[in-house]
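In UniProt numbering, the protein residues as written are 1 to 76. Beta carbons: idealized from backbone N, C-alpha and C, even for Gly. Fair warning: this is a prediction, and the values are worked out from it, not measured in the lab.
Written out as structure tokens, the structure reads:
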């Protein structure tokens, strides 16, 4: 497991200690949980806002219409 050094002023250190104690977790765990909450694993807002922005988007059948028919598989 990696370690990261952060520098906090005295007032913030006391807030972290108090919050971790109230949550009944170590300071390290409390900070790690906070970081997890703020790290995004979903699409950025700018990308999500584009949903539905295309007026006409071809359906699967339209895009494959010119590809021809599939050859039937032979039985096993």
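Item	Value
Length of the line joining the Cα atoms of residue 48 and residue 42	9 Å
Continuous alpha helix (DSSP H) stretch holding residue 38: start and end	27–38
Segment limits, alpha helix (DSSP H) that includes residue 19	10–23
C-alpha distance - residue 31 paired with residue 37, whole-angstrom precision	10 Å
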